[in-house]
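K.L.:
For the record, the sequence lines run as chains A, B and C.
With the numbering used here, the residue at position 184 of the first sequence is 184, and numbering never jumps.
With the numbering used here, the residue at position 106 of the second sequence is 106, and numbering never jumps.
With the numbering used here, the residue at position 177 of the third sequence is 177, and numbering never jumps.
The C-beta atom is built at its ideal place from N, Cα and C for all residues, glycine as well.
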Amino acid sequence: MIASAKEGFWNKLQAIDQRILYVLIIVVVALPLLRPLSLPITVTSATRTAYEKVDEYSGPGSVIVIAYEFIAGNWPEMGPIAVAMTQHLFRKPDIRIILLAMGRDQGPILAENTLKYIDEMGKEYGEDYVNLGFFAGAEAAMASFASDIPGLVKKDYYGTPIEQLPVMSGLNDLNDIDMFLCLWSGTPGWGEYLRQWQTPYGITVIGGTLGINGPGAQPYVSSGQLKGLVVGLRGGGEYEKLIGKPGEATSGLDAVSTTHLLIIAFIILGNVGYFAGRKRTGGEV
Amino acid sequence: MSLLKGKQIPIGITLVVGLMMIVNYYFGAALPAVKSTTTLIQNWTVIVAAFALIIGLINISRIHINHLLKRSKGQWFFSLWCLAIMYIMIALGLFGTTKNPGYQWLYNYVFLPVDATMYSSLAFFISSAAYRAFRARNVESILLLSSGVVIMLMNAPIGEIIWTGFPVIGDWIMSVPNVAAQRAIMICVVMGSVSLGLRTLLGMERGYLGREE
Amino acid sequence: MALISHQSGLLTLIIICGAVLYMIYRARQGLESEVRRVAGIDVIDEAIGRSTEMGRPVHITNGLATLYSSGSPQTIAGLSVLSYVAKKCAQNGIPLITTIYVPETIPIVMEMYREASVLAESPEWFDDYNIRYMSSHRFSYATGVQGVLQREKPAASFLMGSFMAEALIFAESGYLAGAMQVAGTAATSQIPFFVAVCDYTLLGDELYAAGAYLSQDAVQMASIAGQDVGKYLAMILLLVGLILSAMGSDWLVNILKL
Numbered sequence: 001m002i003a004s005a006k007e008g009f010w011n012k013l014q015a016i017d018q019r020i021l022y023v024l025i026i027v028v029v030a031l032p033l034l035r036p037l038s039l040p041i042t043v044t045s046a047t048r049t050a051y052e053k054v055d056e057y058s059g060p061g062s063v064i065v066i067a068y069e070f071i072a073g074n075w076p077e078m079g080p081i082a083v084a085m086t087q088h089l090f091r092k093p094d095i096r097i098i099l100l101a102m103g104r105d106q107g108p109i110l111a112e113n114t115l116k117y118i119d120e121m122g123k124e125y126g127e128d129y130v131n132l133g134f135f136a137g138a139e140a141a142m143a144s145f146a147s148d149i150p151g152l153v154k155k156d157y158y159g160t161p162i163e164q165l166p167v168m169s170g171l172n173d174l175n176d177i178d179m180f181l182c183l184w185s186g187t188p189g190w191g192e193y194l195r196q197w198q199t200p201y202g203i204t205v206i207g208g209t210l211g212i213n214g215p216g217a218q219p220y221v222s223s224g225q226l227k228g229l230v231v232g233l234r235g236g237g238e239y240e241k242l243i244g245k246p247g248e249a250t251s252g253l254d255a256v257s258t259t260h261l262l263i264i265a266f267i268i269l270g271n272v273g274y275f276a277g278r279k280r281t282g283g284e285v
Numbered sequence: 001m002s003l004l005k006g007k008q009i010p011i012g013i014t015l016v017v018g019l020m021m022i023v024n025y026y027f028g029a030a031l032p033a034v035k036s037t038t039t040l041i042q043n044w045t046v047i048v049a050a051f052a053l054i055i056g057l058i059n060i061s062r063i064h065i066n067h068l069l070k071r072s073k074g075q076w077f078f079s080l081w082c083l084a085i086m087y088i089m090i091a092l093g094l095f096g097t098t099k100n101p102g103y104q105w106l107y108n109y110v111f112l113p114v115d116a117t118m119y120s121s122l123a124f125f126i127s128s129a130a131y132r133a134f135r136a137r138n139v140e141s142i143l144l145l146s147s148g149v150v151i152m153l154m155n156a157p158i159g160e161i162i163w164t165g166f167p168v169i170g171d172w173i174m175s176v177p178n179v180a181a182q183r184a185i186m187i188c189v190v191m192g193s194v195s196l197g198l199r200t201l202l203g204m205e206r207g208y209l210g211r212e213e
Numbered sequence: 001m002a003l004i005s006h007q008s009g010l011l012t013l014i015i016i017c018g019a020v021l022y023m024i025y026r027a028r029q030g031l032e033s034e035v036r037r038v039a040g041i042d043v044i045d046e047a048i049g050r051s052t053e054m055g056r057p058v059h060i061t062n063g064l065a066t067l068y069s070s071g072s073p074q075t076i077a078g079l080s081v082l083s084y085v086a087k088k089c090a091q092n093g094i095p096l097i098t099t100i101y102v103p104e105t106i107p108i109v110m111e112m113y114r115e116a117s118v119l120a121e122s123p124e125w126f127d128d129y130n131i132r133y134m135s136s137h138r139f140s141y142a143t144g145v146q147g148v149l150q151r152e153k154p155a156a157s158f159l160m161g162s163f164m165a166e167a168l169i170f171a172e173s174g175y176l177a178g179a180m181q182v183a184g185t186a187a188t189s190q191i192p193f194f195v196a197v198c199d200y201t202l203l204g205d206e207l208y209a210a211g212a213y214l215s216q217d218a219v220q221m222a223s224i225a226g227q228d229v230g231k232y233l234a235m236i237l238l239l240v241g242l243i244l245s246a247m248g249s250d251w252l253v254n255i256l257k258l
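(1) Does the Cβ-Cβ distance between residue 157 (chain B) and residue 253 (chain A) come in under 7 Å?
(2) Note down, in chain order, all residues in the segment 167-190 of chain C with a beta-carbon under 9 Å from any beta-carbon belonging to chain B.
(3) With 7 Å as the threshold, decide whether the Cβ of residue 192 (chain B) is near any Cβ in chain C.
(4) Distance, Cα to Cα, residue 182 (chain C) vs residue 176 (chain C)?
(5) So, are the CB atoms of residue 166 (chain C) and residue 142 (chain C) less than 7 Å apart?
(6) Put residue 174 (chain C) into one of helix, strand or coil per three-state DSSP.
(7) One question on the structure: do residue 259 (chain A) and residue 28 (chain A) come within less than 7 Å of each other, judged by their Cβ atoms?
(8) Can you check whether the C-beta of residue 218 (chain A) is within less than 7 Å of a C-beta belonging to chain B?
(9) Helix, strand or coil: how does DSSP classify residue 43 (chain A) here?
(10) Give the DSSP-derived three-state secondary structure of residue 125 (chain B) in the structure shown.
(11) Under a three-way DSSP split, which group does residue 184 (chain A) fall into?
(12) Any beta carbon from chain A within less than 7 Å of residue 70 (chain C)'s own beta carbon?
(13) Need the endpoints of the alpha helix (DSSP H) that residue 195 (chain B) sits in, please.
(14) What residue from B:133, B:17 and B:106 has the CA that sits closest to residue 271 (chain A)'s CA?
(15) I'd like to know if residue 257 (chain A) contacts chain B, where contact means its C-beta is closer than 7 Å to some C-beta of that chain.
(16) Are the C-beta of residue 156 (chain B) and some C-beta of chain A separated by less than 7 Å?
(17) Taking the straight line between their C-alpha atoms, what separation do you get for residue 127 (chain B) and residue 20 (chain C)?
(18) Is there a C-beta anywhere in chain B that falls below 7 Å from the one on residue 17 (chain C)?
(19) So what does DSSP say about residue 138 (chain B), is it helix, strand or coil?
(20) Going along chain A, which residues have a C-beta under 7 Å from residue 136 (chain B)?
(21) Suppose only complete runs of 4+ residues qualify. What are the alpha helix (DSSP H) ranges in the segment 189-253 of chain A, listed by chain order?
(22) Sorted by chain position, which residues of the same chain lie with C-beta nearer than 7 Å to residue 10 (chain B)'s C-beta, five sequence neighbours on each side aside?
(23) Give a yes or no on whether 7 Å exceeds the smallest Cβ distance from residue 221 (chain B) to chain C.
(24) Taking buried to mean at least 16 other C-beta atoms within 10 Å of its own C-beta, is residue 177 (chain A) buried or exposed?
(25) When the distance is taken between beta carbons, is residue 103 (chain C) closer than 7 Å to residue 144 (chain B)?
(26) Return the chain-ordered list of same chain residues with a C-beta closer than 6 Å to the C-beta of residue 33 (chain A), the five sequence neighbours on each side being excluded.
(27) Between the C-alpha atoms of residue 58 (chain A) and residue 52 (chain A), what's the straight-line distance to the nearest angstrom?
(28) Does the CB of residue 20 (chain C) have a neighbour CB from chain A at under 7 Å?
(29) Within the same chain, show all residues whose beta-carbon is closer than 8 Å to that of residue 30 (chain C), passing over the 5 residues directly before and after it, in chain order.
(30) Against chain B, with Cβ distances strictly below 7 Å, would residue 64 (chain A) count as a contact?
(31) Might you give, ordered along the chain, the residues of its own chain that have their beta carbon closer than 6 Å to the beta carbon of residue 109 (chain C), omitting 5 neighbours on each side?
(32) Starting from residue 34 (chain B) and walking both ways along the beta strand (DSSP E), at which residues does that stretch end?
(33) Report the three-state DSSP secondary structure of residue 161 (chain A) (helix, strand or coil).
(34) Ends of the alpha helix (DSSP H) at residue 17 (chain B)?
(35) Going by other Cβ atoms of all chains shown within 10 Å of its Cβ, with 16 needed for buried, is residue 198 (chain B) buried or exposed?
(36) Measuring only the C-alpha atoms, how far is residue 216 (chain C) from residue 247 (chain C)?
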């Protein structure tokens, strides 16, 4: 009786209603957002390297391109990275910033969203920065931009002819761009820019991407094709700390900590139930 | 007429266009005519794909209008909502462009939150997968689970508070075994895609044209 | 600017293509190549058989990559699997529901359904209601597929193509619907989720080999053997590069950058 009761317990534990797990997830995500734990955030070498490289390649007179290659659904994770890195660049004096997208049609809207969160530090639209909008064609558009900017770019996101935008003057091809900040969440994204921009032109690229893309992008950091990489909400929080402007990532990292602990607890509990159940049934599942 | 009914024409087009793309990639600088032709073809592709959206629109409309007409139980009101919101956004976008205040409102206050919600629902699926499916059945799965746990604790600020070794080990896992495995998979994927591409160009891979046997 | 771009890449491509063509030539001469069994492909028939016995439909989806993107090989490979699955479902008389993200594949899938119904001599099997375009937006597509899995409760679900975040949504929804799931993708970020949740997973180049494997044509199988030459070449370059780097030489790196 006792043996079968214990068997029943382990089987029940393994077949627990999913909704109990979901409620626990909701609780551990919501609680730290409502009552912050303010856990300290240490800046890792990866994010610090990305920050330093952005500093190094955005000196006075440089021209920077930022590509917003993610979708609205990625905003909770990519938004803080985009805001922090864009803010970092907007603080730089005497630089030209070009915002665009070639893989994701939502890019220009998300670029506009990003600008709402930053202090533009007196930079003027058209003089110091411009939103060129979305260029359809992914790799074809990237190849065209790289070889002939005036040939591809006729007007900005708002329909203003390029001739009326001093920020674009003198830019002929990718050799006139000093640094490329690639913010991507999937495909089209970094892979396409790697083939059409980084490999043929050797342009300096700093990346920002989702946590799930981090492992896949590591080979490019190791090989130097990506000079720096900011990954996930953790990377966004670290970058916010580096620029001294805590934002959504900083406030969200407490929830990341509690949620990760809960997931680990689920893995351990699930395996305990699995092995205990196996032991009871003599090794059969 | 048998030539039109057979697969020879699509295979022939695939071979010619595929070869042009390859020649353009490697010899484009020396052959400006090929470069301009392939650019033109790539532009056509984008235009054709845009027209394909109309086919998609017709497909969705047929399916959901069918549900509406049949008053499919538990479905017809969702179909009504889907069609209504789809055509409203199309109308606003077409006649007012994406900068139309109505389109912007629907995008910022309906689409964006719903999109983020769907992405966030992954947290629930990961939790149920973690509980149910992540089992340490053998050596490989033990390695997978333990490295996963270390990486999770590396990414969470609380990991360093528990033990300062987690970020160090996690960093090593990301920089060494992870990079090695990613490179290996990338190389294998590239080899596979070259082989698939060659079979497609030669007309041997015809599965995407439908089975003949 | 050099007349030939990416010279080292061109040379590598010539070597690999040469190897594949040589293996195809050998197969045409009657010298068959041995290709290891891939469990995820072998089980396709079993999954369809399961659906037939249970009287439930089969579901298949081909992922996110458009036909003009860098992920298009995954979509082409997925379509090859789809045509095979369509043929088998038509023979067994069970519905096949295809959920679509890439609208330009709609006519291709329709043609596959039509041909499958003709080959099976059951024209009534063709029902274009089962070809369902969801959306060209990722999470709208994910929601739609999730709904199909939960409402239609297929007994087998094939996820063949390029996927991103929605991979786990599909896999979990398929599990909750009680479907036997076979997934195949070259997207390295999603492989772990498929491996953990699905019954069988095709990793990377196994998906690309699926079309050739399912055809059971010796000549096509030989092309799978040919691609192994590329892998041996990569291993040799790695070893040589390792030795040269240890000696402080950048010679091979500079050659490969050409």
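P.N.:
Looking at the coordinates:
(1) yes
(2) 168, 169, 171, 172, 173, 175, 176, 186 and 188
(3) yes
(4) 15 Å
(5) yes
(6) helix
(7) yes
(8) yes
(9) coil
(10) helix
(11) strand
(12) yes
(13) 177-201
(14) B:133
(15) yes
(16) yes
(17) 44 Å
(18) yes
(19) coil
(20) 271
(21) 190-193, 214-223 and 232-243
(22) 209
(23) Absent from the model: residue 221 (chain B). The displayed extent of chain B is 1 to 213, so no value can be given.
(24) buried
(25) no
(26) 255
(27) 10 Å
(28) no
(29) none
(30) no
(31) 98 and 131
(32) Run containing residue 34 (chain B): none in the beta strand (DSSP E); it sits in the alpha helix (DSSP H), 32-70.
(33) strand
(34) 8-27
(35) buried
(36) 47 Å
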